[in-house]
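The listed protein sequences derive, respectively, from chains A and B. The numbering used here numbers the first residue of the first sequence as 46 and each following residue consecutively. The numbering used here numbers the first residue of the second sequence as 68 and each following residue consecutively. Taking it in order: structure first as structure tokens, then the write-up.
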Amino acid sequence: MGSRQITEKSLSMLRSLPRISLGNIRDNPNCKKNPKRGRAQHGGDKHGAGNKGSGQRQNFMRLGYETGNNPFYLRVPQEHYYRGQHLRREYPPLSLHQLQNMIDKDRLDVNQPIDIASIVRSGIYNFFPDLKQFGVNLTDEGADIFVAKVNIEVQWASEQVIAAIEKNGGVITTAYYDPHSLLLLKNPKKFFESGQAIPRRMIPPPDAIEFYTSAKTRGYLADPEEISKERLKLSQKYGYSLPNIEKESNYEMLCEKKDPRQIFYGLEPGWVVNLKDECILKPKDQELLQFYNS
Amino acid sequence: MTAGVRHNVSFETNNIVLIALVAILYSLFKMATVWRSQCAFARLFAGKTGQILNNATDLGTKLGPGSQSAILAKKYSNYAHSPFVTKIKEQYDYEIVKNPPEWGYVQRLLPFDTIPAVTPKDSYPSGWVPPKEEAKTLPFFLCRTRNHEIPIYLQITYRGIRKITKIKRIEGDIWLLNDEIKSYLKEKNNRYVETRVQEVGRFIEVKGDYVNQLVDWAHSKGF
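Set out below in structure tokens:
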């Protein structure tokens, strides 16, 4: 039998045999094992553990223990920088300059009400609801150059931003969305394709209720009359004449608002949107209607 | 004797009826506990509830008796190996609206197919400048990014010590472009400005932060 045959035979054997693993490995046949442990220079050494003490006995002290000293981790007073961090809501910023830039580049349609869905749709702003990001914080950078007249709904806005938008005859609302609603708003197409009914929007958590019911911050749960008073007050504070939006041609668009339970403009909770057949399934059952209207 | 037998028989039938009732009640109770312990909408998606939003309800369908207890009784390691849910009956009334008037609201939510081209306007308050036609006659070209912005970036490394202005997406005679940039920056800043041309990667690196000046230069050239 030539060596070539031997190779092929052993290769075919290898193919049929199971893979070598720790489970089936064993010594070579007739290998000699030394039954005794050597006590010579290296065979009988301390095995790297040293002589005497916790090193040799492998009984190490607990972490941070300084053999009786006041340990470092107790010597320094604690400062809880991140206390409650896991409960805080984050609002990733979007400046008025960026907003104007989106409008200039036709990423946002000023003739429609702007909400977080349309801001994310522009492809320039993004956020992650699973990282406790609760929507847009509209910041005042570029407030001087902002000229667009918009009906915008954001999640957080400062007084300057509200003034900058209302000065141009626009309308701003701050609205709360729970993380699940934000997931739908971030990618509505994916949600419609999942074939689920549009859920209701949840109410804000206790620590956010004050912000979203206040007329000063233009909360979506605030009294509209209070808001119109505050609009006038703010215009007097910042020294601009408040444009009368009732006389505007697009007054209806500027007044368009979502229901506090509504997630998408014009689409009610409980509806199922079928993108393939371009139809909407609306519930008729009394039980369902009651559930989604509550 | 006969009376006793009769009595016995009736007792047995009674017993059977009772047992059956208890069994039905028990099964109903068990179903109820299963529904309560799982979320209400978990009926269809047994073992796959992670995909369901917790404020969504799946009330569109209801399972017949005996369909879900068999599914929930056993935990499957793999969703793909779990059997399909059977005996589903539609319970709730709904109407299908074809060509609904609200379809415009849906279309408004769907993403752009492509990035929209910018329509010409009288002014752009944000400071964005549209590219000009005359730039195409130059021997070199600076292509806009997909967001219609000029591809000039600042790269900060070594904790802010090294600042490099990178001009990307350049085409044509890039060595001539390099000379022009160098002379422009030298004139503006009264100092020699170091540049590096990457022919293969098609970018020029300028040592120092000259982003605003170079963007202004690109606008003046019409890129």
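Each residue gets a CB set at the ideal place from its N, CA and C atoms; glycine is no exception. Please read these numbers as outputs of a predicted model, since none were measured by experiment.
{"Asked": "Residue 282 of chain B (DSSP reduced to helix, strand or coil)", "Found": "helix"}
{"Asked": "Length of the line joining the Cα atoms of residue 106 of chain A and residue 58 of chain A", "Found": "53 angstroms"}
{"Asked": "Spatial distance of residue 112 of chain B from residue 148 of chain B (CA atoms)", "Found": "Unreliable positioning characterises residue 112 of chain B in this predicted model, as indicated by a pLDDT of 49, which lies under 50. The coordinate reading is nonetheless provided below. Between residue 112 of chain B and residue 148 of chain B, the C-alpha separation is close to 14 angstroms."}
{"Asked": "Cut-off 6 angstroms between Cβ atoms - residues of its own chain near residue 172 of chain A, not counting five sequence neighbours on either side", "Found": "137 and 178"}
{"Asked": "Endpoints, alpha helix (DSSP H) assigned at residue 335 of chain A", "Found": "331 to 338"}
{"Asked": "Chain A within 8 angstroms of residue 193 of chain B, Cβ atoms only", "Found": "yes"}
{"Asked": "Rounded Cβ spacing between residue 207 of chain B and residue 243 of chain B (contact assumed at less than 8 angstroms)", "Found": "6 angstroms"}
{"Asked": "Sequence-distant residues of its chain with Cβ nearer than 7 angstroms to residue 249 of chain B (five each side left out)", "Found": "260 and 262"}
{"Asked": "Cross-chain neighbours of residue 310 of chain A in chain B, by beta carbon under 8 angstroms", "Found": "172 and 175"}
{"Asked": "Contact between the segment 278 to 292 of chain A and the segment 220 to 228 of chain A (3+ Cβ pairs under 8 angstroms)", "Found": "no"}
{"Asked": "Where residue 214 of chain B meets chain A, residues with beta-carbon distance less than 9 angstroms", "Found": "150, 152, 168 and 169"}
{"Asked": "Whether residue 311 of chain A touches residue 242 of chain A by CB criterion (8 angstroms)", "Found": "no"}
{"Asked": "Pair within 8 angstroms by beta-carbon distance, residue 182 of chain B and residue 213 of chain B", "Found": "yes"}
{"Asked": "Residues near residue 174 of chain A by beta carbon distance below 7 angstroms, same chain, minus five either side", "Found": "224, 227, 228 and 231"}
{"Asked": "Proximal chain B residues relative to residue 25 of chain A, where beta-carbon distance stays under 7 angstroms", "Found": "Only positions 46 to 339 of chain A appear in this structure, which leaves residue 25 of chain A out of reach."}
{"Asked": "Cross-chain neighbours of residue 178 of chain A in chain B, by beta carbon under 8 angstroms", "Found": "Going along chain B, no residue has its Cβ under 8 angstroms from residue 178 of chain A, so there is no contact; the nearest lies around 17 angstroms."}
{"Asked": "Pair within 8 angstroms by beta-carbon distance, residue 164 of chain A and residue 193 of chain B", "Found": "no"}
{"Asked": "Closer than 8 angstroms to chain A by CB, residue 185 of chain B", "Found": "yes"}
{"Asked": "Beta-carbon neighbours of residue 169 of chain B, restricted to chain A and to distances below 7 angstroms", "Found": "311, 312 and 325"}
{"Asked": "beta-carbon residue 99 of chain A near the ligand PLP non-hydrogen atom, thresh 7 angstroms", "Found": "The ligand PLP is absent from the structure shown, which contains no ligands of any kind."}
{"Asked": "Contact with chain A by residue 283 of chain B, beta-carbon distance below 8 angstroms", "Found": "no"}
{"Asked": "Contained beta strand (DSSP E) runs [length at least 3] in the segment 101 to 158 of chain A, N- to C-terminal order", "Found": "138 to 140"}
{"Asked": "Chain-order list of residues whose beta-carbon lies under 6 angstroms from that of residue 94 of chain A (same chain, five-residue window excluded)", "Found": "100 and 101"}
{"Asked": "Residues that residue 201 of chain A bridges to, as DSSP identifies them", "Found": "A/182"}
{"Asked": "Proximity test, Cβ basis, 8 angstroms: residue 178 of chain B and chain A", "Found": "yes"}
{"Asked": "Whole-number beta carbon distance between residue 217 of chain B and residue 282 of chain B, since they are thought to touch under 8 angstroms", "Found": "5 angstroms"}
{"Asked": "Sequence ranges, alpha helix (DSSP H) only - wholly within the segment 276 to 323 of chain A, length at least 4", "Found": "296 to 300"}
{"Asked": "Beta-carbon proximity of residue 200 of chain A to residue 182 of chain A, cut-off 8 angstroms", "Found": "yes"}
{"Asked": "Rounded straight-line distance, which links the Cα of residue 220 of chain B to that of residue 308 of chain A", "Found": "38 angstroms"}
{"Asked": "Coarse secondary structure for residue 233 of chain B, derived from DSSP in three states", "Found": "strand"}
{"Asked": "Whole-angstrom C-beta distance between residue 245 of chain B and residue 264 of chain B, which should lie under 8 angstroms", "Found": "5 angstroms"}
{"Asked": "Residue 289 of chain B at chain A interface by Cβ criterion, 8 angstroms", "Found": "no"}
{"Asked": "Span of the beta strand (DSSP E), counted from its first residue to its last, around residue 220 of chain B", "Found": "219 to 224"}
{"Asked": "Below-8 angstroms beta-carbon distance, residue 162 of chain A vs any chain B residue", "Found": "yes"}
{"Asked": "Endpoints, the beta strand (DSSP E) within which residue 256 of chain A is located", "Found": "Taken as a continuous stretch (DSSP letters only), residue 256 of chain A belongs to no beta strand (DSSP E), being part of the alpha helix (DSSP H) at 251 to 258."}
{"Asked": "C-beta contact flag for residue 160 of chain A and residue 198 of chain A at 8 angstroms", "Found": "yes"}
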